[in-house]
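Chains as they are written, first to last, in full-length UniProt numbering: chain G, 1 to 206; chain R, 1 to 206; chain B, 1 to 206; chain Y, 1 to 206.
For glycine and all other residues, C-beta sits at the position ideal for the given N, C-alpha and C.
Below is one structure; the comments refer to it alone.
There are 4 protein chains.
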Amino acid sequence: MPKLGMPEIRKPQLIDATLEVIGEVGLGKTTVAMISKRAGVSAGIINHYFGGKDGLLNQSMRTILRELNDGVRERREALPADWPIERVRAIVGGNFDSRQLDPRVMKTWLAFWAQAMHDEELARLQRVNEKRLLSHLRYELRKCLSREQAREVATGIAALIDGIWLRGALSGGVEQAEAVKLIDSFIRGQLGLWHSTSRVQIASNY
Amino acid sequence: MPKLGMPEIRKPQLIDATLEVIGEVGLGKTTVAMISKRAGVSAGIINHYFGGKDGLLNQSMRTILRELNDGVRERREALPADWPIERVRAIVGGNFDSRQLDPRVMKTWLAFWAQAMHDEELARLQRVNEKRLLSHLRYELRKCLSREQAREVATGIAALIDGIWLRGALSGGVEQAEAVKLIDSFIRGQLGLWHSTSRVQIASNY
Amino acid sequence: MPKLGMPEIRKPQLIDATLEVIGEVGLGKTTVAMISKRAGVSAGIINHYFGGKDGLLNQSMRTILRELNDGVRERREALPADWPIERVRAIVGGNFDSRQLDPRVMKTWLAFWAQAMHDEELARLQRVNEKRLLSHLRYELRKCLSREQAREVATGIAALIDGIWLRGALSGGVEQAEAVKLIDSFIRGQLGLWHSTSRVQIASNY
Amino acid sequence: MPKLGMPEIRKPQLIDATLEVIGEVGLGKTTVAMISKRAGVSAGIINHYFGGKDGLLNQSMRTILRELNDGVRERREALPADWPIERVRAIVGGNFDSRQLDPRVMKTWLAFWAQAMHDEELARLQRVNEKRLLSHLRYELRKCLSREQAREVATGIAALIDGIWLRGALSGGVEQAEAVKLIDSFIRGQLGLWHSTSRVQIASNY
DNA sequence: CATGAATGAGAATTCATTCAT
DNA sequence: CATGAATGAATTCTCATTCAT
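Okay, structure coming up:
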């Protein structure tokens with residue numbers, strides 16, 4: 001019998017190598033030769049495990065999406081359900097945690113985003129993710145805002161997250177603290193618009 | 001009136017074709033053969049006029065950047081200098097005018113953005129543009145806010161512009177009215193944070 | 001009764017799978033992976049039992065040659081030695097029995113034939129077979145014809161067998177009855193040429 | 001302007017090289033690298049002119065089919081329409097002229113034949129050809145035989161042509177004279193079956 | 001100016017075979 | 001015995017670029 005459990009070793013190994021290479025040279029210049037060399041295996045093995053370059057890229061995409069989702073969920077669920085604003089801040093923070101701010105990861109995200117414009121499979125994955133972010137934000141905001149207000153603020157937060165992230169990707173980096181501060185400020189502004197005397201408890205470190 | 005030389009005919013012709021093809025198949029699958037066929041000329045001519053594929057892509061990038069800037073400037077300058085908030089809204093509107101919301105243009109933008117991650121020449125162009133947007137916003141906001149406040153609000157607006165745009169690119173489209181409304185709401189919220197009794201004149205259609 | 005070793009199980013299993021796959025996708029597209037999958041075993045086992053793909057193909061070839069020969073011999077020997085024309089007809093019938101007319105078998109034959117043009121080992125096998133067919137025909141015909149006449153008629157019958165078979169392979173099928181009828185007609189014509197008043201007994205169902 | 005008329009030079013050049021290589025190493029071992037090297041051009045040019053290996057093989061097939069047809073037609077039409085048997089013999093001769101008996105051409109034919117079993121495009125071409133041969137034979141035989149008789153004799157001649165050819169391909173060669181003699185014999189035998197006192201004029205060199 | 005023929009480097013993919021388990 | 005992981009050579013196809021006309 002051949003070595004058992006190799007798929008569980010090789011697949012993550014190849015996906016990691018893929019993300020590294022994309023982060024370094026860009027999706028357009030990434031070749032299976034580079035990836036396999038980085039992973040320390042032969043090029044042919046990619047077809048063995050992923051059916052081809054496309055399959056590997058697809059799985060890589062799913063992996064970073066899942067990592068993002070897992071990180072955000074952990075942060076959010078670590079807080080009580082009756083602290084909605086804190087939970088929103090946790091969601092924001094999760095989108096800017098150190099793993100996501102790794103320049104190579106940011107480059108990979110952008111590459112996949114551009115790719116998704118012309119690849120329905122990737123586009124679908126991205127849309128699901130976008131909807132999930134929005135949905136979680138709305139759910140928490142609903143605890144202290146009207147349906148319409150929650151919808152609008154959630155949309156704004158989501159846009160700020162992506163916008164800060166995108167501008168950061170271009171200019172060389174994002175400061176998590178800066179990002180969280182800006183979004184906090186947006187939330188306070190929005191809450192203020194509707195609650196001149198807001199009773200929502202906002203953490204003192206705002 | 002000088003007679004137009006071939007360069008003045010061929011270059012825009014090829015740049016238009018480039019943007020169309022990128023919008024349709026993506027930067028990664030765009031070939032000079034496709035571009036030249038679309039433009040109705042031979043493949044070799046691209047090297048003649050642009051020195052190669054890279055030169056053509058670079059010029060194409062500069063073209064859409066210039067179009068965006070020109071559009072934004074026209075809208076901004078059409079308003080009095082002492083209507084800063086209106087001018088900010090004009091800047092926002094310019095970033096979401098119909099030309100920029102053409103799906104093919106959005107795809108091209110995203111493609112160039114991803115490409116810029118690994119191409120210093122493109123990255124420089126993008127950074128210059130980002131700085132210009134921020135600078136204009138700050139300049140107008142300075143007329144009714146402190147330096148620090150202006151900086152922060154400008155950063156937020158820029159992030160919202162890019163974030164709304166990015167999410168729209170993915171989900172299939174952006175509604176200009178929605179975008180402007182969201183950013184208006186942000187501005188009002190931010191102004192409210194600092195001026196509980198704001199004296200800034202905000203257009204009545206807010 | 002000796003217990004069957006694995007070789008006696010595996011070899012026919014793999015040869016059958018080989019013929020099936022060749023019949024379905026053609027020799028050129030047949031891979032060991034396909035064959036082993038069809039046989040329900042691993043790819044590596046082919047080298048274990050046949051020393052490689054070539055060995056398996058060679059054995060497969062020998063198998064269908066043997067099947068054809070066995071079938072023809074059985075039919076021929078089932079008839080009395082002093083019914084030469086009936087024996088000739090039995091040889092013809094054997095070449096068009098249902099096993100040989102299976103479209104997958106016909107495709108395999110043709111594939112091996114083409115392959116034999118460039119593979120001396122296969123060519124040798126085929127030549128032996130061709131000679132055997134001719135030899136049997138001549139042997140029977142010699143009982144009622146001169147050496148020269150027997151040689152010529154045998155050559156014609158062999159050519160007709162292969163020609164009918166080849167044309168049938170292309171056009172989608174052969175009718176055994178049609179084939180036998182045509183060759184009968186040829187034999188009668190040939191006999192008639194030399195024996196205006198032939199004394200050879202030809203079966204009444206001619 | 002580039003060199004004009006290159007397609008008319010390159011295409012036959014590449015097709016010739018293809019037939020030569022297939023004739024030498026077999027279809028299965030033929031690579032575009034071999035073909036282009038033989039033709040003295042680069043491998044890429046094959047895609048330029050034929051869209052890929054398949055296109056080249058297809059065109060090569062069409063070429064040898066056309067050559068055979070042209071040769072047969074010329075021979076047939078060189079004889080008076082009221083010499084049907086002579087015309088039939090011309091058709092037979094055309095199928096065994098020196099060009100068709102070149103071992104490389106025979107190998108190519110056989111390769112294509114096997115390939116056609118799994119390639120509908122090739123199969124269609126072959127069927128058209130088979131039908132044409134049969135049709136011409138029937139047309140000529142109709143001039144001296146009944147419809148049914150003409151059909152049967154034509155079928156037999158066609159089978160003999162292919163069978164002799166196939167057996168020759170395997171055993172290393174065909175003698176045109178032998179082939180024609182055998183088929184002549186068949187024709188005479190068949191004519192004799194129906195016309196005990198045949199009035200059909202058969203050339204004296206029979 | 002413009003063409004498109006031609007090149008050649010590079011990329012993905014295929015696949016028979018080997019071999020540790 | 002048997003597996004299937006792994007390899008690496010071979011092959012097809014792509015494509016930017018060059019260049020003779």
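Rounded Cβ spacing between residue i and residue j (contact assumed at less than 8 angstroms)
i                      : j                      : result
residue 159 of chain Y : residue 182 of chain B : 7 angstroms
residue 207 of chain R : residue 162 of chain G : Not covered by the structure: residue 207 of chain R. The range shown for chain R is 1 to 206.
residue 125 of chain G : residue 62 of chain G  : 6 angstroms
residue 118 of chain R : residue 32 of chain G  : Not quite, the Cβ-Cβ distance comes to about 18 angstroms (not below 8 angstroms), so this is no contact.
residue 80 of chain Y  : residue 144 of chain Y : No, residue 80 of chain Y and residue 144 of chain Y are not in contact; Cβ-Cβ is about 14 angstroms, not under 8 angstroms.
Close-in-space but distant-in-sequence residues of the same chain around residue i (CB under 7 angstroms, 5 per side omitted)
i                      : result
residue 27 of chain Y  : 111, 115
residue 137 of chain B : 88, 91, 154, 157, 158
residue 13 of chain B  : 39
residue 71 of chain B  : 94, 97, 99
residue 151 of chain B : 138
residue 164 of chain B : 174, 179, 182
C-beta contact flag for residue i and residue j at 8 angstroms
i                      : j                      : result
residue 104 of chain R : residue 20 of chain R  : yes
residue 41 of chain B  : residue 180 of chain B : no
residue 107 of chain B : residue 44 of chain B  : no
residue 94 of chain G  : residue 76 of chain G  : yes
residue 186 of chain R : residue 96 of chain G  : no
residue 52 of chain R  : residue 190 of chain G : no
residue 69 of chain R  : residue 132 of chain R : yes
residue 130 of chain B : residue 98 of chain Y  : no
residue 49 of chain R  : residue 10 of chain R  : yes
Residue i (DSSP reduced to helix, strand or coil)
i                      : result
residue 82 of chain G  : coil
residue 17 of chain G  : helix
residue 51 of chain R  : coil
residue 97 of chain Y  : coil
residue 73 of chain G  : helix
residue 127 of chain R : helix
residue 11 of chain R  : helix
residue 68 of chain B  : helix
residue 167 of chain B : helix
Below-8 angstroms beta-carbon distance, residue i vs any chain G residue
i                      : result
residue 155 of chain R : yes
residue 149 of chain R : no
residue 186 of chain R : yes
residue 177 of chain R : no
CB contact check: residue i to chain Y, cutoff 8 angstroms
i                      : result
residue 61 of chain B  : no
residue 167 of chain B : yes
residue 126 of chain B : yes
residue 97 of chain B  : no
residue 159 of chain B : yes
residue 171 of chain B : yes
residue 107 of chain B : yes
Close Cβ partners of residue i (< 6 angstroms) along its chain, the five nearest in sequence each way excluded
i                      : result
residue 17 of chain Y  : 35, 38, 39
residue 169 of chain G : 106, 110
Cutoff 8 angstroms; reference residue i; Cβ partners in own chain excluding five residues on either side
i                      : result
residue 102 of chain Y : 23
residue 15 of chain Y  : 56, 59, 60, 63
residue 173 of chain B : 101, 103
residue 122 of chain G : 58, 61, 112, 115, 116
residue 176 of chain R : 93, 96, 97, 98, 101
residue 30 of chain B  : 18, 21, 22
residue 7 of chain G   : 49
residue 225 of chain R : What is shown of chain R runs 1 to 206, which leaves residue 225 of chain R out entirely.
Short CB-CB distance (under 8 angstroms) between residue i and chain R
i                      : result
residue 142 of chain G : no
residue 6 of chain G   : no
residue 64 of chain G  : no
CB contact check: residue i to chain B, cutoff 8 angstroms
i                      : result
residue 33 of chain Y  : no
residue 152 of chain Y : yes
residue 236 of chain Y : Because chain Y here runs from 1 to 206, residue 236 of chain Y falls outside it and cannot be looked at.
residue 190 of chain Y : yes
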